[in-house]
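Below: one structure, written as structure tokens.
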Amino acid sequence: MDSLTVSTVTCSIRKAPHKAAPFNFMSSLSSFKPVFRRLQQQFVSLKVEVPKIIKTTSLNLLDGVVDSLFEFEEQAVFNEGNFAPVDEVGEALQLSVMDGEIPDDFPEGIYFRTGPNHLYPNQTAAVSIFGRTGYTWVEGDGMLHATYFSKDDEGNWKVSYKNKYVESETFLMEKNRNKKMFIPAADGDPTAILAAFVLNIVSQDCLRGLTNIILVNFRPPKYFQCILQMRFGKAVKDDSNTNVFEHAGKLYAVSEQHLPYEIDASDLHTLKAWDVNGAWHHPFTSHPKKAPHTGEMVIMGVDIKRPHYILGIISADGGEMLHKVDLKFRTGNLVHELGVTENYNIIMDYPLRFGINRVLAGKSFIGYDGDGESRIGVMPRFGDAESISWFTVRNHCSFHIINSFEDGDEVVVRGCRTTGSVLPGPDHKANKAEWYRRAYLQPNEDSHSFDPATDGVLFSRPYQWRLNMRTGAVKEGYLTGKEIAMDFPAINLSFTGLRNRYAYAQVVDSEASSKLGLSKYNMLAKLHFGLQDEDDEELAKVEYHELGDGEYCTGAQFVQKQEGTEEEDDGWLLCYVHDERSNISKVYVIDAKRFTEEPVAKISLPRRVPYGFHAYYVYE
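Last residue of the sequence shown? That's 628 in our numbering, and every number before it is there in order.
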């Protein structure tokens, strides 16, 4: 058999492409000879049960395949500035440096935020004969950051900070073997993505072709034909890096491709995956919602295989799956969030497709169809697929819902709307730097060079859909002006599913984001839904809390005053703020009623907190 030699090219949006060394397939396979010898010795010398031998040798063989075919390398953008990962701090660190004071009526509790923190930051892309794959910006080993607020016996505030990895099953696989094992599989060249899926999952069918090559060329003992076992059994890792939520007194970290992991809030130790007492074996949304009045938790799972969208309802005590139903989606759509009202579940359906069929067609694994159709479904709480009232809306890709509620004959849904998807970003053949430069900036629709498929597609703005359950009519439109982009909304969670007057969001630094290709947030916004904008009565009034030069925020979360008030905005907005000039991270405590004023407290942290995603506050 002649040698097959292929040259590969790797690149990132931060530096010019460079040529990789020629890859010789058969020469690479020759590296398996010592692997076979080592495995043969294991069979001869180890007096253990055959299934255990098969499992051990299978994993070693498959690791050898990956090590020979794939070379891991760095994606520079994930190691730049405050996107770079940090180490665990160990025991909780007491905090003593503070500007201002924590109010006496601030509730004791724990402020959590999660985000990606790559365990092997120099191995976030993989180059092989098949091409190149890399992680998307939402991937990476999950790390929890927690700031603890408590009072001593004399009523004095004690504040401490701790961080820790979420020790998911796949995280421990790599940590215990002290090496990168999972091949990035969400973004890159289609052939390379397919190879990554095969070698991450690996079943008998997947390995048959490669095994035949090995058997023909190296003639290992016949018992190697029985070691075609799974390597991991899943295509991507359990990152647990997207959100933190609480249900029935227990804390969970989650990303939507896997089950949530229960976390001990006191020390951030990972306890176990939560499958609702064996009743849920599907992906689990990063944004579960508690139904008003009942406390039942509404969840969903989206998958590349059928059922593509399954909805579940968990009892208020967390012990029982009360309802589980297949909504009969025809394709895999990467829907990030669902909503609830007093009587309904709100189902978002937009054409952000994902699946192996796309890869086999030469496309990226995930892709947004700008010419596709979007719809919103209103489903009775314990309904089924046939009970959903569907409303066709303007095509969009809106990851985050602000809130939803009932208003007479109408169901109102508010969210942060874009006309393109940041995940995974541009097509694998596109110029990523140019695409992000144009996608994040405010679009100029009057420009002769305006391209609706690129310009401003990531310029996210609050939006409202009013769905008339009686007539089937839809009224929709933006809630804020064209000048400011914002995302990662937060509300007073007591108003989930109910009419609310206020919402908060992180304001996108469009210039910085367009240059970097990753979202950065340099202000906070407070939306007043009951008040009109001074210049446009069709829009909501917005107040802004400005940060200093070089300061960026993540994890905005509203904390409600616990006693003596029924006002929706009587409380504080918390966020993690990083100063890129001093390289110091802080927790800001902002009075929500005096939103534009300086924070009432700025608490300096002893360690940098990298930019991340969602947050949650657990009240003591």
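Cβ coordinates follow ideal geometry from the N, Cα and C atoms, glycine included.
Closest residue to Y173 among S593, G327, D247 (Cα-Cα distance): For the purposes of this step, residue 173 is taken as the residue at position 165 of the sequence shown. D247 is the residue among S593, G327, D247 whose C-alpha sits nearest the C-alpha of Y173.
Straight-line Cα distance separating T178 from V284: Position 276 of the sequence shown, counted from the start, is the residue given in the question as residue 284. Position 170 of the sequence shown, counted from the start, is the residue given in the question as residue 178. Whole-angstrom Cα-Cα distance: 20 angstroms.
Unbroken beta strand (DSSP E) run spanning W165, endpoints: Numbered from 1 along the sequence shown, position 157 holds the residue referred to as residue 165. Start and end: 165-173.
Separation of F621 from L532, as counted between CA atoms: For the purposes of this step, residue 532 is identified with residue 524 of the sequence shown, where counting begins at 1. For the purposes of this step, residue 621 is identified with residue 613 of the sequence shown, where counting begins at 1. Taking the CA atoms as reference points, L532 sits about 15 angstroms from F621.
Identity of the residue in S457, V146, N208 nearest V262 by Cα: As a first step, residue 262 is located in the sequence shown; it is residue number 254 there, counting from the start. Comparing Cα-Cα distances from V262 to each of S457, V146, N208, the minimum goes to V146.
For G320, three-class secondary structure by DSSP: To locate residue 320, count along the sequence shown from 1; it is residue 312. In the structure shown, the three-state DSSP call for G320 is strand.
Cβ-based neighbour list, Y4, same chain, cut-off 6 angstroms, excluding 5 preceding and 5 following: This structure cannot speak to residue 4, because the chain is shown only from 9 to 628.
Spatial distance of Y624 from H255 (CA atoms): One-based indexing of the sequence shown puts residue 624 at position 616. One-based indexing of the sequence shown puts residue 255 at position 247. Rounded to whole angstroms, the separation of the alpha carbons of H255 and Y624 is 12 angstroms.
Where L69 falls, given that 16 or more other Cβ within 10 Å makes a residue buried: For the purposes of this step, residue 69 is identified with residue 61 of the sequence shown, where counting begins at 1. Under this definition L69 is a buried residue.
Three-way DSSP call (helix, strand, coil) for Y512 in this model: What you label residue 512 is simply residue 504 of the sequence shown in a count that begins at 1. Strand, per DSSP.
Where F78 sits in the DSSP three-state scheme: Indexing the sequence shown from 1 puts residue 78 at position 70. Note: F78 maps to strand in three-state DSSP.
Where T426 falls, given that 16 or more other Cβ within 10 Å makes a residue buried: Along the sequence shown, one-based indexing puts residue 426 at 418. Buried.
Cβ neighbour criterion (16 or more within 10 Å) applied to T400: In the sequence shown, the residue the question calls residue 400 occupies position 392. T400 is exposed by the Cβ-count criterion.
8 angstroms CB neighbourhood of E559 in its chain, flanking five on each side removed: Position 551 of the sequence shown, counting from 1, holds the residue named residue 559. Excluding its 5 nearest sequence neighbours in each direction, E559 has C-beta neighbours in its own chain below 8 angstroms: N530, V585, H586, D587, E588, listed in chain order.
Boundaries (first-last residue) of the beta strand (DSSP E) holding L101: Locating residue 101 in the sequence shown gives position 93, where the first residue counts as 1. Its beta strand (DSSP E) spans residues 101-103.
Cα-Cα separation between D71 and N186, rounded to whole angstroms: If you number the sequence shown from 1, residue 71 lands on position 63. If you number the sequence shown from 1, residue 186 lands on position 178. Straight across, the Cα-Cα distance linking D71 with N186 is about 13 angstroms.
Per-residue DSSP class, three states only, for N87: Position 79 of the sequence shown, counted from the first residue, corresponds to residue 87. For N87, the secondary structure class from DSSP, reduced to helix, strand or coil, is helix.
Validate contact between the region 337-344 and the region 309-322 using beta carbons, cut 8 angstroms, 3 pairs: Yes, since at least three Cβ pairs between the region 337-344 and the region 309-322 fall closer than 8 angstroms, the two stretches touch.
Residue(s) in a DSSP beta bridge with F205: Position 197 of the sequence shown, counting from 1, holds the residue named residue 205. Within the DSSP bridge table, the entry for F205 names no partner.
Residue of L103, S395, A243 minimising C-alpha distance to G363: Here residue 363 refers to the residue found at position 355 of the sequence shown. Selected option, being the one with the closest Cα: A243.
Neighbourhood of G303 by C-beta distance below 6 angstroms, restricted to the same chain and skipping five residues each side: Within the sequence shown, residue 303 is the residue found at index 295, counting from 1. The residues are A324.
S395, buried or exposed, once every other Cβ within 10 Å from all chains shown has been counted against 16: Translated into the one-based positions of the sequence shown, residue 395 becomes position 387. Counting Cβ neighbours within 10 Å, S395 comes out exposed, since fewer than 16 surround it.
When R507, N365, G378 are compared against P359, the one with the closest alpha-carbon: The residue you call residue 359 lines up with position 351 of the sequence shown. Taking only the C-alpha atoms, the option nearest P359 is G378.
Coil, strand or helix - F120 by DSSP: Position 112 of the sequence shown, counted from the start, is the residue given in the question as residue 120. DSSP places F120 in strand when its eight states are reduced to three.
Best match in C405, Y627, D557 for proximity to S468 [C-alpha to C-alpha]: Here residue 468 is taken as the residue at index 460 of the sequence shown, counted from 1. Closest option to S468, judged by alpha-carbon separation, among C405, Y627, D557: C405.
Of the residues T141, N249, E88, the one placed nearest P432, counting alpha carbons only: Taking the sequence shown and counting its residues from 1, one reaches residue 432 at position 424. Nearest of T141, N249, E88 to P432, Cα basis: T141.
Where F467 falls: helix, strand or coil (DSSP): In the sequence shown, residue 467 corresponds to position 459, counting from 1. Looking at F467 - three-state DSSP - the assignment turns out to be coil, as it is neither helix nor strand.
Proximity of K298 and I318 at Cβ, strictly below 8 angstroms: By one-based count along the sequence shown, residue 298 stands at place 290. By one-based count along the sequence shown, residue 318 stands at place 310. No; because the gap between Cβ atoms is not below 8 angstroms, this pair is not in contact.
Local conformation of S521 per DSSP, three classes: Here residue 521 refers to the residue found at position 513 of the sequence shown. The answer is helix: DSSP assigns S521 an H, G or I state.
Bounding residues of the beta strand (DSSP E) (the contiguous stretch that carries Y584): Along the sequence shown, read from residue 1 onward, the residue named residue 584 stands at position 576. Its beta strand (DSSP E) spans residues 579-587.
Cα-Cα separation, G423 to Y619: Position 415 of the sequence shown, counted from the first residue, corresponds to residue 423. Position 611 of the sequence shown, counted from the first residue, corresponds to residue 619. Taking the straight line joining both Cα atoms gives about 22 angstroms.
Which residues DSSP lists as bridging C561, in chain order: The residue you call residue 561 lines up with position 553 of the sequence shown. Note: C561 sits in a beta bridge opposite V585.
Continuous alpha helix (DSSP H) stretch holding M181: start and end: Here the question's residue 181 lines up with position 173 in the sequence shown. Residues 177-185.
Cut-off 6 angstroms between Cβ atoms - residues of its own chain near S521, not counting five sequence neighbours on either side: The residue you call residue 521 lines up with position 513 of the sequence shown. Same-chain partners within the cutoff: Y448, S527, K528.
Within 8 angstroms, strictly: CB atoms of V73 and L207: Within the sequence shown, numbered from 1, the residue matching residue 73 stands at position 65. Within the sequence shown, numbered from 1, the residue matching residue 207 stands at position 199. Going by C-beta atoms, V73 is nearer than 8 angstroms to L207.
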